[in-house]
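Chains as they are written, first to last, in the numbering used here: chain A, 89 to 321; chain B, 89 to 321; chain C, 89 to 321; chain D, 89 to 321.
From the three backbone atoms N, C-alpha and C, an ideal C-beta is built for every residue, glycine too.
All of these numbers come straight from a predicted model, not from anything done at the bench.
One structure is given below, encoded as structure tokens.
There are 4 protein chains.
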Amino acid sequence: MLLKDLREQVLKANLELVHAGLVLYTFGNASGIDRKEGLVAIKPSGVPYETMQPSDIVLTDMDGKVVEGNLKPSSDLDTHIILYKRLPAIGGVVHTHSTYATSWAQAGRPIPAFGTTHADYFRGPVPVTDPLTDEEINGDYVLNTGLAICRLFDRRDGLDPMATPAALVAGHAPFTWGPTPADAAHTAVVLETVARMAILSLSINPECAGVSKALLDRHYFRKHGPKATYGQN
Amino acid sequence: MLLKDLREQVLKANLELVHAGLVLYTFGNASGIDRKEGLVAIKPSGVPYETMQPSDIVLTDMDGKVVEGNLKPSSDLDTHIILYKRLPAIGGVVHTHSTYATSWAQAGRPIPAFGTTHADYFRGPVPVTDPLTDEEINGDYVLNTGLAICRLFDRRDGLDPMATPAALVAGHAPFTWGPTPADAAHTAVVLETVARMAILSLSINPECAGVSKALLDRHYFRKHGPKATYGQN
Amino acid sequence: MLLKDLREQVLKANLELVHAGLVLYTFGNASGIDRKEGLVAIKPSGVPYETMQPSDIVLTDMDGKVVEGNLKPSSDLDTHIILYKRLPAIGGVVHTHSTYATSWAQAGRPIPAFGTTHADYFRGPVPVTDPLTDEEINGDYVLNTGLAICRLFDRRDGLDPMATPAALVAGHAPFTWGPTPADAAHTAVVLETVARMAILSLSINPECAGVSKALLDRHYFRKHGPKATYGQN
Amino acid sequence: MLLKDLREQVLKANLELVHAGLVLYTFGNASGIDRKEGLVAIKPSGVPYETMQPSDIVLTDMDGKVVEGNLKPSSDLDTHIILYKRLPAIGGVVHTHSTYATSWAQAGRPIPAFGTTHADYFRGPVPVTDPLTDEEINGDYVLNTGLAICRLFDRRDGLDPMATPAALVAGHAPFTWGPTPADAAHTAVVLETVARMAILSLSINPECAGVSKALLDRHYFRKHGPKATYGQN
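Pasting the structure below:
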């Protein structure tokens with residue numbers, strides 16, 4: 089079995105989504121990449137999580153062709169691959185239909201940075217793509233979903249994908265990414281909590297303003313970069 | 089014991105509703121049909137799920153007369169039977185009072201198709217019946233509940249019951265159906281999640297517009313029909 | 089030990105509240121009455137549910153004097169007793185601070201009859217008392233809480249306490265009652281679900297109208313009275 | 089190992105936050121103080137709760153210098169210490185990012201005293217600090233967070249920290265305190281429930297007025313002071 093360790097990481101990231109209550113039935117998928125081999129390991133399509141084994145994780149090349157595995161890869165594979173191509177520093181991608189983050193995606197609104205919980209993980213609002221056009225939907229839909237995310241990086245004052253490792257696809261659901269599959273899954277779980285608190289904050293105070301740039305930076309750099317003070321490292 | 093396999097399927101579908109948190113006490117009921125024998129298998133009325141056995145499932149004919157079983161069938165039996173009569177392609181029906189879908193039914197509003205989670209299962213809004221008239225309520229109430237659902241299929245631009253296998257009864261709660269009892273239960277569980285996200289999306293953005301026809305069709309046909317690409321088949 | 093069976097019923101009703109997620113820490117209390125002996129059995133005050141035994145349940149007379157038990161009775165005892173005095177047909181009373189029903193009590197609004205789930209248990213809105221006056225609060229507060237509930241029964245078109253076995257105390261929380269402690273606890277659990285769905289229905293449709301009188305009666309008499317059709321009796 | 093008993097109390101308080109569902113991953117922290125020794129025991133930074141041992145709890149002096157322990161203390165240590173310095177009667181401090189209380193903090197609104205559940209623990213609204221200025225954020229941020237809380241005590245008609253043992257830091261999250269670490273954790277759990285019911289009450293009735301001063305005092309003194317009647321003492 090090729091890339092046993094990566095397969096196990098990917099399986100574990102998928103199960104973390106289940107454990108955190110982010111998935112219903114077979115919804116959602118996590119993947120990882122081996123940059124040296126140029127291979128992506130991803131959850132199979134529509135297979136129950138309960139019995140999933142490392143050998144069920146599908147290995148594909150960077151064109152989405154299955155290299156090892158008897159199962160079909162997640163139908164969202166092409167979105168994962170375009171993110172790996174565009175973001176050379178990432179090692180894992182996660183997609184869920186988690187309740188609160190998906191509700192923001194359906195509402196077509198970015199998740200505002202209302203507090204330090206958000207700022208600890210995302211250095212600004214979590215953006216939402218433009219709705220896909222009929223041409224994009226009727227064409228290479230899954231790839232176009234990924235391209236819609238990538239366009240967020242290109243906007244003037246757009247998303248810095250390493251500082252804010254998440255995006256919402258309009259009318260669809262969130263994607264997150266990170267150095268490893270575990271990081272991407274962890275971020276997906278925090279995103280769901282942040283999305284939930286943002287709805288509640290708006291319900292209490294519709295004029296809710298969000299945190300200052302100073303607080304955003306303070307918390308972000310508390311957990312990231314050479315001056316990080318959080319944790320045991 | 090007649091139709092042991094069908095009884096077991098029906099019991100399993102009922103327990104799936106419990107497992108997914110859709111029922112309180114003895115609320116809710118699932119049924120299945122054996123078209124060849126012309127027999128319906130349905131949950132008994134007001135019996136706790138914890139100890140329910142296949143032998144507790146009640147068998148009735150298409151007039152609702154008990155054919156085998158010592159218990160009384162679900163008081164909603166006549167609604168199930170009229171759906172089986174009207175929809176020859178279905179093999180299972182489920183009724184729950186699940187929190188979010190029931191809240192939409194109580195509000196008298198269809199659940200809009202706000203995202204791809206919805207589109208994967210329902211090719212348009214999940215409709216709500218007209219409120220029953222006093223005559224319908226004081227008459228053959230349970231049958232009239234079913235007839236109110238069937239009228240949704242007859243409206244111009246009305247519900248295609250095979251493409252959108254769910255309806256809300258105004259002031260009451262949802263019904264779902266499908267090829268098997270397991271499918272109907274699965275759809276009831278997804279409906280609850282979709283109903284929840286729709287409330288949240290509206291709370292974030294009261295002007296929430298819903299997905300385009302193109303996206304609705306794309307997701308629907310991803311999981312249904314000869315060109316389906318989801319899962320391992 | 090006097091009234092062992094009643095004590096066990098009362099303990100079981102208290103634990104049902106825990107099991108259904110209606111209580112935090114030592115919040116809430118259930119009681120039962122032995123009409124022949126003129127004795128009330130009630131949860132002790134501030135004792136953890138985890139280790140509660142039938143012998144911890146406190147027996148008092150109808151003046152609230154402890155007859156058997158080493159523990160102090162629930163501080164809400166006098167509210168329970170006045171309900172037993174006023175309603176000779178009931179055998180159990182339950183008080184909780186359950187999240188959704190309490191939120192309606194805090195909002196000072198009756199819970200409207202928005203659907204059949206409500207109508208199966210309550211033949212009309214669940215009413216809320218007037219706020220207690222400063223005199224009532226500074227006087228015999230716990231008794232006055234009970235008297236505020238009883239005044240709901242006396243209003244013209246007021247609460248029929250046997251048809252709608254629940255009330256909200258304004259700025260406080262719900263009380264429910266029934267033929268047995270188990271019935272009162274069951275009603276408290278359903279009330280919480282009904283309270284939750286009512287908030288959600290209003291959030292979907294602020295003009296939500298509620299069910300017709302015909303539907304209210306139909307569902308009420310489906311589960312109550314000589315023509316009841318629900319369940320196995 | 090110094091102060092084994094205090095370490096165990098602090099560990100237990102931290103685990104109570106997990107048990108009550110108030111923390112995600114390594115969020116949140118509880119501490120305790122030994123006034124005689126002048127030592128604070130606090131959760132280590134970013135360590136998983138699942139495997140935490142009393143020996144992992146970090147001991148520091150009142151300047152935040154580690155006295156015993158191989159791990160780094162919680163990054164919120166300086167906020168805890170300033171509260172211990174300012175409030176000589178307290179023995180425990182808790183900080184969480186619990187969903188509902190944090191949503192009020194993000195909204196920048198005090199939690200109103202809408203009911204007796206609130207009044208049993210807090211003798212008035214739970215206040216929110218002013219947002220920190222850029223200078224405070226870029227300076228000694230964690231200490232300044234604590235000073236912002238302390239300023240609430242100094243306002244005319246300000247917070248009585250012994251009668252209302254909780255505060256919200258604007259754009260951040262809640263802090264609670266009490267005689268022991270267990271009390272501070274218990275208060276954090278109740279605060280979360282009270283915060284949740286306050287949002288729901290507002291959603292039902294945006295004009296929700298809150299309880300009277302008389303009711304606030306009645307419930308507060310039911311659980312506090314020489315005339316307390318709740319519980320077994």
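B/Leu159 has a beta carbon lying at 8 Å or more from every beta carbon in chain A. Within chain C, not a single residue places a beta-carbon under 9 Å from that of D/Ala272; the smallest gap is close to 15 Å. Straight across, the Cα-Cα distance linking D/Ala129 with D/Val146 is about 6 Å.
By the rule that beta-carbons nearer than 8 Å mark a contact, B/Gln141 does not touch chain A.
The three-state secondary structure of D/Leu279, taken from DSSP, is helix. In the DSSP secondary-structure assignment, B/Pro213 is not bridged to any residue. Around B/Ala236, the same chain offers Thr217, Asp218, Leu220 and Val257 as residues with beta carbons nearer than 7 Å, after the five sequence neighbours per side are excluded. Taking 8 Å as the cut-off, the Cβ atoms of C/Pro161 and C/Pro142 do not count as close.
Against chain B, the CB of C/Phe210 has no partner CB under 8 Å away; the residue lies outside that interface. For B/Ala189 against B/Leu279, the beta-carbon gap comes to about 5 Å, under 8 Å, which counts as contact.
For A/Phe263, the enclosing beta strand (DSSP E) has its first and last residue at Pro262 to Gly266. Per DSSP, C/Ile170 lies in no beta strand (DSSP E); the unbroken alpha helix (DSSP H) holding it starts and ends at Leu165 to Arg174.
Three or more Cβ pairs closer than 8 Å define a contact, and the stretch 164 to 182 of chain A meets that threshold against the stretch 269 to 288 of chain A. The alpha carbon of A/Gly120 has as its nearest neighbour, out of A/Tyr137, A/Leu99, A/Ala108 and A/Pro136, the alpha carbon of A/Leu99. Under the DSSP assignment, C/Ser191 falls outside any beta strand (DSSP E), being part of the alpha helix (DSSP H) whose first and last residues are Thr187 to Ala195. By the C-beta density criterion, A/Arg244 is exposed, having fewer than 16 other C-beta atoms within 10 angstroms.
With contacts defined as CB atoms closer than 8 Å, B/Ala255 and B/Val214 qualify as a contacting pair. For C/Ile287, the neighbours in chain D by C-beta distance under 8 Å run, in chain order, Leu288, Ser291 and Ile292.
Among the bridge pairs identified by DSSP, B/Gly120 is matched with B/Ala129 and B/Gly180.
Under the three-state reduction of DSSP output, A/Val299 falls in the coil class, being neither helix nor strand.
Listed by position along chain C, the residues whose Cβ is nearer than 9 Å to that of B/Asn117 form an empty set, because the closest Cβ is around 12 Å away. Per DSSP, the continuous alpha helix (DSSP H) segment holding B/Val106 begins and ends at Lys92 to His107.
Exclusion of the five residues before and after A/Asp164 leaves Asn117, His183, Val230 and Thr233 as the residues of its chain whose Cβ lies within less than 8 Å of its Cβ.
Between D/Val277 and D/Ala201 the beta-carbon gap is near 18 Å, outside 8 Å, which marks them as no contact. In chain order, Phe202, Gly203, Met285, Ser289 and Cys296 make up the part of chain B whose C-beta sits under 7 Å from the C-beta of A/Gln194. One Cα belongs to C/Glu295, the other to D/Gly319, and the distance between them is close to 44 Å. In the three-state reduction of the DSSP assignment, B/Leu256 falls in the strand class. Any Cβ of chain B closer than 8 Å to the Cβ of A/His107 would place that residue at the interface, and such an atom is absent. For B/Thr204, the enclosing alpha helix (DSSP H) covers residues Thr204 to Ala207. By the rule that beta-carbons nearer than 8 Å mark a contact, A/Ala255 does not touch chain B. Taking 8 Å as the cut-off between beta carbons, the residues of the stretch 206 to 231 of chain C near chain D are Pro219, Leu220, Asp222, Ile225, Asn226 and Tyr229, in sequence order. According to the DSSP assignment, D/Thr221 belongs to no beta strand (DSSP E), since it is labelled neither H nor E. A/Val154 and A/Gly134 have their alpha carbons spaced roughly 16 Å apart. Under the DSSP assignment, A/Leu235 falls in the alpha helix (DSSP H) whose first and last residues are Tyr229 to Asp242. Using beta-carbon distances, C/His168 does not count as an interface residue toward chain D, since no partner is under 8 Å. Look at C/Arg197: its C-beta is not under 8 Å from any C-beta on chain B.
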